[in-house]
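Worksheet: the structure to be examined is printed underneath.
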Amino acid sequence: MAKASASKSKSASTKSASQKTPSQAAPKAQSKAPASASVKASVKASAKTLAVKKVAPSKKIAPAKAASAKATKAVPAKKATAQSSSATSIYPSQTTSPLVEAYMGKKTQLKVGNKIHRTKILCTFGPAIASKEKVKQLLEVGATAFRLNMSHGSHEVHLQAMEIIRAVEKELGVHIPILADVQGPKLRVGDLTSGAISIVNGTDIFLADEAVWIKRGKPDDIIPVRYPTFAEDVKPGSIVLFDDGLLKIKVRDSKDKVVRAIVENGGLLKSRKGINMPDVHVSQPAMTEKDKKDIIFAIQNNVDYIALSFVRTAEDVQNSKDYIKKHGGTQWIIAKIEKPQALENIKSIIDVSDGIMVARGDMGVEIPAARVPIEQKRIITLCNDQAKPVITATQMLESMIQNPRPTRAEASDVSNAVFDGTDAVMLSAETSVGAYPVETVSYMRTICEEAEAELFRTQEISKKRAEAALDINLPDALADAISGAVGTVIREMKIDAIAAVTTTGKIARYMASRKFVLPIFAFTPSASVSRRVSLLWGVQAVQVGETESTDEAIESVKEALVSRNYLKPGATVVISIGRPLKARSKTNMLCIEKLK
24 MAKASASKSK SASTKSASQK TPSQAAPKAQ SKAPASASVK ASVKASAKTL
74 AVKKVAPSKK IAPAKAASAK ATKAVPAKKA TAQSSSATSI YPSQTTSPLV
124 EAYMGKKTQL KVGNKIHRTK ILCTFGPAIA SKEKVKQLLE VGATAFRLNM
174 SHGSHEVHLQ AMEIIRAVEK ELGVHIPILA DVQGPKLRVG DLTSGAISIV
224 NGTDIFLADE AVWIKRGKPD DIIPVRYPTF AEDVKPGSIV LFDDGLLKIK
274 VRDSKDKVVR AIVENGGLLK SRKGINMPDV HVSQPAMTEK DKKDIIFAIQ
324 NNVDYIALSF VRTAEDVQNS KDYIKKHGGT QWIIAKIEKP QALENIKSII
374 DVSDGIMVAR GDMGVEIPAA RVPIEQKRII TLCNDQAKPV ITATQMLESM
424 IQNPRPTRAE ASDVSNAVFD GTDAVMLSAE TSVGAYPVET VSYMRTICEE
474 AEAELFRTQE ISKKRAEAAL DINLPDALAD AISGAVGTVI REMKIDAIAA
524 VTTTGKIARY MASRKFVLPI FAFTPSASVS RRVSLLWGVQ AVQVGETEST
574 DEAIESVKEA LVSRNYLKPG ATVVISIGRP LKARSKTNML CIEKLK
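Residue numbers (the working numbering): 24 to 619.
This is the structure in C-alpha cells:
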C-alpha cells in the first residue's frame, strides 16, 4: 500500500507541475517531497529546522536538558490512517517518508530538519551558487557537500567559497564536507595567437610543447601544447584527441621536438582545450607543481577530501598521501578513475585510496563510450566490496545547465548509479554555472529517493555485499564483521536506527558499504571526522563531547538521539563501540538499547 500511495502522490505532483511554467513547476514538485515545502519557505525556516546543537569537546557530554533546550520542537504526529495504523513511528514528525520501509514492514517517519539522505549529492561550487542564500537553498532541497574545482579560479576565489560554506555550516549547525579537486597532469592546448584555428580533415598539422613554440618565436604553423615531453611520448600512429574527443589527429612522425600529424576529424580548435591520448603512456608525474601548491592550500584551509586527477597507479595515490601527511594533512584521498591504466590497476588503487570517483568525462574519451557504464558498475561493486566510498560524476544532469528539468535518459543515468550502489552523485557545471542549480539538486534528490525505494524493496546490494564479505579478506576484518553483525541484528529484531561511535570514521564507512535500510548515526567528538562521514551513504554525523567510559558514551548516544530530535523515546537502537574507550580501541562491541 505504501508503494502504491507513493506512486499516486508522485503522479499527481507531476501532473500539477506540467500545467505551470518552469519556474512555478519546480517549487510545486518540491512541495510534494517529504523533506521540504518550497525552496523559499524552507530557506526561511532553515536555521530552525536544521538546527543541531554543537557540543564543544570536553571530558563529558553536555546534559540532555542543555541540548534539548534549543532543539526544534517535534511537531505532534497526525492520527494514524487505516494504512499506517499497524505500526507506530518512533520518528518525531508527522511527515511520512514513502521511501524508508524498515525490515518489519514498518514505515519510518523523519523530522523534516533531520531527514537522513541516503545517496549524497556533491555540488561543484561556482558563480551560480556563490552566496549563502544559494548554498542554504541547495542544502534544503538535498545537497550534501561541495566540490572546489582547482583547475579553475585562484586560491582567493576558492577561499571565498570556503568562507561561504563554513558560514552556512555554522549558522545551520550542520556538517558540510568540502572536496578540493586538484587538476593533475591535464594536457591542454596552449594559448593560440588568434585564440582558435580551424584544422581540416586530411591535412598535416604541426605541434610542439609551448616552451619550444615560444623559443621558435610563436610560429603560426605550429600548435602549442602544454606538455613538455610531448614529442618524446608520442609514436607514429598515436592518436591525439582534443576537446573531449571532438577533434582527432594521428601522429606521422616527430623531428626536433616538433610533431607532425594528419587530421582525421577536423573542426575549430580553441586555446586551452583538453588533450587526451588513449594509447600513449604519459610520462608526466601524477602530481604536478600546481597540484602541490593546491594541496598545501587545501590542507591549510581544512578541506575534508582531496581528489586526485588522472591517477594511473596505486603509487600515484600513495605519493600524494605521503605528501599530504608530510605537510600535516589528514584529508581523505579520492582517486579519480579516468585513464585506461587506472582501470587496469583499479584493485590496487582502491586498496590505497580512501575513496574513488568514477570520472566519466575523460574516461569516456580515453576508452570507448560503450565501455563506460560497464566500468562504472565494476568500479562501484569493487568499492562496495572493499567498504570504500564511491562518487559517480560527470554529465549526470547536463541538460539542466540550460533547461529547468532533466531528460529521461539523465534520470535513468542517476537512478542506475544508485542501483549500482554509488555513495554519492556529483554535479559539475549544473551547479557551478548552470541556470537552474536549485532545481537541479531538487530533481536529483527526487530521482535518488525513487531509486533508493527500489533498493530497499529488493535489498540486492545489501545481499551482494554480505556475500562478498565471506570471500574477501578486508584490511579490517573486525570492522567488517561488526557491520555484518549489525545486518543480522536488524534482520532479526525490530530495530529503528544504527549508531556507531567512532574516532576515525572507519566503522561508519563499513556500515555505509552495507547499504542498510535504517539510518546510520555516526557519533564522534571530531568536527573533521563528522564532515568526512557525512559524504558516506546513509550516514548522519552527530558531533558530541568526549566521554570517559564505554557506558558513559552509550548513555550520551541515547541522550543525544532523543534530545536532538532524531528519534523518539521508545525507539530501539543498535550501537557499535570500542572498549576500553579511553584506549581508543577498535570497534569490538554491539549493544541494543531502548531510548528513554
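Think of the CB as a built atom: it goes at the ideal place given N, C-alpha and C, for glycine as much as any other residue.
Asked: Measuring CA to CA, which of 352, 386, 355, 344 is closest to residue 363?; Found: 386
Asked: Would you kindly work out how many angstroms separate the C-alpha atoms of residue 331 and residue 273, rounded to a whole number?; Found: 29 Å
Asked: Measuring alpha carbon to alpha carbon, tell me which residue in 398, 180, 268 is nearest residue 149.; Found: 180
Asked: Classify residue 254: buried if its beta carbon has 16 or more other beta carbons within 10 angstroms, exposed otherwise.; Found: buried
Asked: Using the Cβ count rule (16 or more neighbours within 10 Å means buried), how would you classify residue 508?; Found: exposed
Asked: Tell me, which residues are paired with residue 417 by DSSP?; Found: Note: residue 417 sits in no beta bridge, so no partner.
Asked: Starting from the Cα of residue 168, find the closest Cα among 256, 293, 523, 449 and give me that residue.; Found: 449
Asked: Report the rounded CA-to-CA distance for residue 320 versus residue 314, giving the unit in angstroms.; Found: 10 Å
Asked: For residue 355, does the three-state DSSP call read helix, strand or coil?; Found: strand
Asked: Measure how close the beta-carbons of residue 599 and residue 540 come, nearest whole angstrom, since I'm counting them as under 8 Å.; Found: That pair is no contact at about 17 Å.
Asked: With residue 376 and residue 356 assumed to form a contact (beta carbons below 8 Å), what rounded beta-carbon distance in angstroms separates them?; Found: 6 Å
Asked: If you count every other CB in all the chains shown that lies within 10 Å of the CB of residue 474, and 16 or more means buried, which is it?; Found: buried
Asked: For residue 244, which of 567, 228, 566 has the nearest alpha-carbon?; Found: 228
Asked: Based on DSSP bridge pairs, tell me the residues matched to residue 616.; Found: 596
Asked: Suppose only complete runs of 4+ residues qualify. What are the alpha helix (DSSP H) ranges in the region 229-298, listed by chain order?; Found: 233-238, 253-256
Asked: Below 8 Å CB to CB, which residues in the same chain sit around residue 209 once its five sequence neighbours on both sides are set aside?; Found: 174, 297, 332, 333
Asked: To the nearest angstrom, how far is it from the Cα of residue 72 to the Cα of residue 290?; Found: Any reading at residue 72 must be qualified, since the residue scores a pLDDT of 35, below 50, and its modelled position is unreliable; the value itself is stated next. Using only the alpha carbons, I get a separation of about 53 Å.
Asked: For residue 444, which three-state DSSP category applies?; Found: coil
Asked: Which residues in the same chain have their Cβ closer than 6 Å to the Cβ of residue 327, if we skip the five residues on either side of it in sequence?; Found: 200, 201, 554, 555
Asked: Tell me, which residues are paired with residue 546 by DSSP?; Found: 524, 565
Asked: Taking Cβ positions, are residue 576 and residue 544 nearer each other than 8 Å?; Found: no
Asked: Which of the three DSSP states is assigned to residue 52 in this structure?; Found: Its pLDDT being 35, under 50, residue 52 is placed unreliably by the model, and the measurement read from it follows with that caveat. Correct three-state label for residue 52: helix.
Asked: Can you grab the Cα-Cα spacing for the pair residue 396 / residue 443, in whole Å?; Found: 10 Å
Asked: What do you get for residue 592, buried or exposed, if any count of 16 or more other CB atoms within 10 angstroms of its CB means buried?; Found: exposed
Asked: Contact defined as beta carbons within less than 8 Å: I believe residue 294 pairs with residue 215. What is the distance between those atoms, to the nearest angstrom?; Found: 5 Å
Asked: Between 603, 142, 618, which has its C-alpha nearest residue 579's C-alpha?; Found: 618
Asked: Between the alpha carbons of residue 573 and residue 249, how many angstroms are there, rounded?; Found: 57 Å
Asked: Measuring only the C-alpha atoms, how far is residue 283 from residue 261?; Found: 11 Å
Asked: What's the C-alpha gap between residue 164 and residue 140?; Found: 11 Å
Asked: Could you tell me which residues DSSP pairs with residue 699 in its beta bridges?; Found: Shown here, the chain extends from 24 to 619; a query on residue 699 therefore has no answer.
Asked: State buried or exposed for residue 247, treating a residue as buried only when at least 16 other CB atoms are found within 10 Å of its CB.; Found: buried
Asked: If you reduce the DSSP assignment to three classes, tell me which class residue 9 lands in.; Found: No answer is possible for residue 9: it lies beyond the span of the chain, which begins at 24 and ends at 619.
Asked: How many angstroms separate the CA atom of residue 537 from the CA atom of residue 588?; Found: 25 Å
Asked: Note down, in chain order, each residue of its chain lying with its Cβ closer than 8 Å to the Cβ of residue 464, except the 5 sequence neighbours on either side.; Found: 144, 146, 161, 164, 165, 166, 450, 454
Asked: Of all the options 447, 504, 602, 198, which has the alpha carbon lying nearest to the alpha carbon of residue 380?; Found: 447
Asked: Going by DSSP in three states, residue 125 sits in which element: helix, strand or coil?; Found: Unreliable positioning characterises residue 125 in this predicted model, as indicated by a pLDDT of 39, which lies under 50. A coordinate reading is not provided.
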